[in-house]
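J.:
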Amino acid sequence: MLPAGRRRDTPQTEPPEVPPQWLARLEHLQKGLQDVKYQIEGAPKDERQGIPFTDTVMADELPLNCRTPAIAEYDGITNPMEHLSRFENAALLHRYTNRIKCRVFVTKFAKAAQQWFNQLSVGAIGNFQEFRSLFLHQFASSRKLRKTELSLFAVRQKDDEPLKEYLQRFNAAALEVPTAIQEVKASAFSQGLLDGDFFKSLAKKSVVKFDALLARAAKYINMEEAQAAKKETRGEKRKEIKEKTPSKKPRVDLRERKPPFQRVNAVYTPLTVPITQAFMAVEGKGLIARPKSWRDTPQRPKSDKFCHFHNDYGHSTEECRHLKNEIERLIQNGYLQEYVC
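Counting from 1 along the sequence shown, just add 2 to a position and that's the residue number in the numbering used here.
(1) What whole-angstrom Cβ distance do valine 372 and leucine 338 have, given they're in contact under 8 Å?
(2) Taking the straight line between their C-alpha atoms, what separation do you get for alanine 93 and tyrosine 341?
(3) Under a Cβ-count criterion, where at least 16 other Cβ atoms within 10 Å of its own Cβ denotes burial, should proline 21 be classed as buried or exposed?
(4) Once the 5 residues before and after aspartate 199 are set aside, which same chain residues still bring their CB inside 8 Å of it?
(5) Using a 10 Å radius around the Cβ and a threshold of 16 neighbouring Cβ atoms, would you call leucine 95 buried or exposed?
(6) Could you check what DSSP says for aspartate 199 in three-state terms: helix, strand or coil?
(7) Measuring CB to CB, does arginine 145 end up less than 7 Å from asparagine 81?
(8) Would you kindly work out how many angstroms separate the C-alpha atoms of lysine 307 and serine 143, rounded to a whole number?
(9) Would you grab the beta carbon distance between valine 124 and proline 180 for me? Rounded to a whole angstrom, and I think it's under 8 Å.
(10) Enumerate in chain order the residues of its own chain whose CB-to-CB distance from glutamine 193 is below 7 Å, with the five nearest sequence positions on each side excluded.
(11) If you drop the 5 nearest sequence neighbours on each side, which residues of the same chain put their C-beta closer than 6 Å to that of glutamate 19?
(12) Starting from tyrosine 168 and walking both ways along the alpha helix (DSSP H), at which residues does that stretch end?
(13) According to the Cβ coordinates, are alanine 175 and valine 186 closer than 7 Å?
(14) I'd like to know if the region 309-321 and the region 287-296 are in contact, where contact means that at least 3 CB-CB pairs between them fall below 8 Å.
(15) Any idea which residues DSSP pairs tyrosine 76 with across the strands?
(16) Tell me isoleucine 127's beta-bridge partners as DSSP assigns them.
(17) What residues match up with valine 210 in a beta bridge as DSSP calls it?
(18) Are the Cβ atoms of aspartate 62 and threonine 99 separated by less than 7 Å?
(19) Could you tell me the distance, in whole angstroms, from the CA atom of valine 209 to the CA atom of arginine 218?
(20) Please report the straight-line C-alpha distance between aspartate 57 and asparagine 129, rounded to a whole angstrom.
(21) Strictly by DSSP, which residues pair up with leucine 273?
(22) Using the rule of at least 16 other Cβ atoms within 10 Å of the residue's Cβ for burial, across every protein chain shown, is leucine 66 buried or exposed?
(23) Can you give me the C-alpha to C-alpha distance between glycine 336 and proline 276, rounded to a whole angstrom?
(24) Within 7 Å of any Cβ in chain C, is that where the Cβ of serine 192 sits?
(25) Since phenylalanine 111 contacts glutamate 75 with CB under 8 Å, what's their CB separation in whole angstroms?
(26) Can you round the beta-carbon distance between leucine 177 and methionine 60 to whole angstroms, since I take them to be within the 8 Å contact cut?
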């Protein structure tokens with residue numbers, strides 16, 4: 003028994019050694035708690051340094067099936083509006099949210115565009131509308147200026163240029179001015195004509211509407227082509243006589259070939275606008291290629307109707323099966339969804 007006031011000495015022991023797997027588990031739990039804290043309070047500013055997006059933009063989780071659109075990268079040189087239109091069409095197809103659009107859009111930047119984005123201040127972009135405005139403002143100098151109706155008056159028929167080729171050039175220029183009205187196009191086309199038979203016809207009896215001008219031009223184009231064919235035939239006959247080869251078979255005109263095959267779809271997706279308007283929405287964006295014009299062959303359609311897709315006579319734009327097939331192909335690939343019923 004110990005004397006009063008004296009304590010028993012407690013032996014000193016070392017703390018138990020913690021197994022390595024427990025330490026790893028503890029570190030994992032601490033990291034998980036930190037991630038939860040970031041999701042609630044937002045990441046510390048030092049960890050978001052250099053990111054122009056706000057916490058709101060970064061909050062949305064990417065869907066498991068999220069894919070970047072299959073469009074070319076933007077380097078700051080080409081038209082920014084065309085790149086933006088292609089991206090927004092793809093975003094509509096993939097159903098990106100406003101915040102996800104911000105983070106996916108930047109993945110399609112390269113060179114000057116990427117450098118510009120990296121220099122933006124932290125939190126400069128809070129939604130896609132802000133991102134869109136900043137993007138277009140920065141690369142406004144690369145934007146293709148929209149042509150006005152005055153540009154049509156600069157299109158003039160060249161010396162020795164057939165009426166048909168002049169009409170095709172004029173129509174291509176008119177497609178870049180969708181606001182041009184019928185009367186302005188008719189006036190610009192007439193002023194650009196050479197002093198030929200068609201010009202004299204318009205001088206005697208003018209037309210106000212461009213569609214009426216196209217119908218009358220078709221007759222003079224047919225006349226020019228018939229005269230050219232006759233002249234070519236005479237030249238071939240002179241060559242045959244000169245060579246004294248009467249038994250030689252006449253050359254087959256290599257231009258004579260059947261028009262391109264046009265597949266007929268069983269059902270076309272209903273549109274809320276005329277097909278001509280849908281065509282104008284994608285014209286010049288690299289989504290649809292113009293077909294070759296009809297050649298002077300026996301199979302060529304005999305009609306005064308004009309097709310803006312073929313840029314030639316034979317049928318109207320609204321009747322063009324080739325154009326309908328191309329528009330249907332774009333719709334099936336996710337484009338032009340804003341015009342689908």
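Backbone N, C-alpha and C fix where the C-beta goes; we use that ideal spot for every residue, glycine too. All of these numbers come straight from a predicted model, not from anything done at the bench.
T.: The relevant details are as follows:
(1) The structure shown has nothing for residue 372, since the chain only spans 3 to 343.
(2) For the pair alanine 93 and tyrosine 341, the Cα-to-Cα distance works out to about 16 Å.
(3) Proline 21 comes out exposed.
(4) Sequence-distant partners of aspartate 199 (beyond 5 residues in either direction) whose C-beta falls short of 8 Å from its own C-beta, in its chain, are Tyr222 and Met225.
(5) By the neighbour-count criterion, in which 16 or more other beta carbons inside 10 Å mark a residue as buried, leucine 95 falls on the exposed side.
(6) If DSSP states are grouped into helix, strand and coil, aspartate 199 belongs with the helices.
(7) It is a contact, given that the beta carbons lie within the stated cut-off.
(8) Taking the Cα positions, lysine 307 is about 40 Å away from serine 143.
(9) Not really, about 41 Å apart at Cβ, beyond 8 Å.
(10) Contacts found: Phe155.
(11) Result list for glutamate 19: empty, nothing under 6 Å.
(12) Tyrosine 168: member of the alpha helix (DSSP H) spanning 165-177, first to last residue.
(13) Result no, Cβ atoms of alanine 175 and valine 186 do not sit closer than 7 Å.
(14) Yes, since at least three Cβ pairs between the region 309-321 and the region 287-296 fall closer than 8 Å, the two stretches touch.
(15) In the DSSP secondary-structure assignment, tyrosine 76 is bridged to Phe111.
(16) The bridge partners DSSP lists for isoleucine 127 are Phe55.
(17) DSSP lists no partner for valine 210.
(18) The criterion of a C-beta distance shorter than 7 Å is satisfied by aspartate 62 and threonine 99.
(19) Between valine 209 and arginine 218, the C-alpha separation is close to 9 Å.
(20) CA-CA distance, aspartate 57 to asparagine 129, rounds to 11 Å.
(21) Answer is Val342.
(22) Taking all protein chains shown into account, leucine 66 has fewer than 16 neighbouring C-beta atoms within 10 Å of its C-beta and is therefore exposed.
(23) So the two alpha carbons sit approximately 19 Å from each other.
(24) Looking at the structure shown, chain C is missing, and only one protein chain is on hand.
(25) By a beta-carbon distance limit of 8 Å, phenylalanine 111 contacts glutamate 75. Their separation comes to about 7 Å.
(26) About 42 Å separates the Cβ atoms of leucine 177 and methionine 60, ruling out a contact at the 8 Å cut-off.
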